[in-house]
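By numbering that gives the first Met the number 0, the letter at position 123 of the sequence shown is numbered 122, and the numbering carries on one by one without gaps.
Just so you know, even glycine gets a beta-carbon here, dropped at the ideal spot from N, CA and C.
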Amino acid sequence: METKKPRGRPPTPSSEYIAGMQDVWPRLKTNRSFLNKYYENRALGVIDEMQKEGTEGLGFLVDTKRDSYRWGVLRELGKSSSEGSLTPAGIRSLALQICQEAKTERQTAREWVHRVKLIKRRLFWETVSKNNGDW
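Take a look at the structure:
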């Protein structure tokens with residue numbers, strides 16, 4: 000009797016990573032919550048590097064003084080890095096762009112998430128068109 004392959008994409012974080020996350024965040028129960036935390040941590044890693052290098056103006060995304068984080072925007076930035084549409088350098092530039100525009104534009108985090116998704120789609124289709132539609 001043949002066994003069927005599981006449906007859907009394979010999980011991005013390894014089982015060891017998920018086990019470690021269960022120790023740190025015991026309230027996370029579902030695969031979706033683990034995956035969301037994984038994506039948030041990817042973006043936070045890039046932003047932490049930026050802060051260590053002395054980059055200023057990231058207070059919209061991460062404000063450690065007030066313990067304030069834009070989790071939805073960070074999650075979307077982390078997803079884009081795993082999908083290959085943004086490299087860590089791309090995350091850096093997009094994070095800076097968001098923080099600069101957030102100073103003048105009054106938008107909710109949900110609207111910023113939508114903008115990040117639009118940028119990802121635009122980058123994807125530019126890549127496809129450069130390759131003449133070859134996948």
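If I follow the unbroken alpha helix (DSSP H) through residue i, where does it start and stop?
i	result
Asp177	Look at the range of the chain in this structure, 0 to 134, and you will see that residue 177 is not part of it.
Gly89	87–103
Asp22	14–23
Does the CB of residue i have a neighbour CB from chain C at under 9 Å?
i	result
Ser13	Structure shown: chain C not included; a single protein chain is present.
Kindly indicate which residue of the options has the alpha-carbon position closest to the one of residue i.
i	options	result
Gly139	Arg26, Lys78, Ala94, Thr86	For residue 139 there is no data in the structure shown, the boundaries of the chain being 0 and 134.
Arg120	Asp47, Thr103, Lys78, Arg26	Lys78
Tyr16	Arg65, Arg105, Phe33	Phe33
Please report the straight-line C-alpha distance between residue i and residue j, rounded to a whole angstrom.
i	j	result
Val61	Thr2	46 Å
Trp111	Val23	28 Å
Ala108	Ser14	31 Å
Asn40	Leu122	22 Å
Between the beta-carbon of residue i and the beta-carbon of residue j, is there less than 9 Å?
i	j	result
Arg74	Asn35	yes
Name the DSSP beta bridge partners of residue i, please?
i	result
Asp66	Paired residue(s): none; Asp66 is not in a bridge.
Val61	Tyr68
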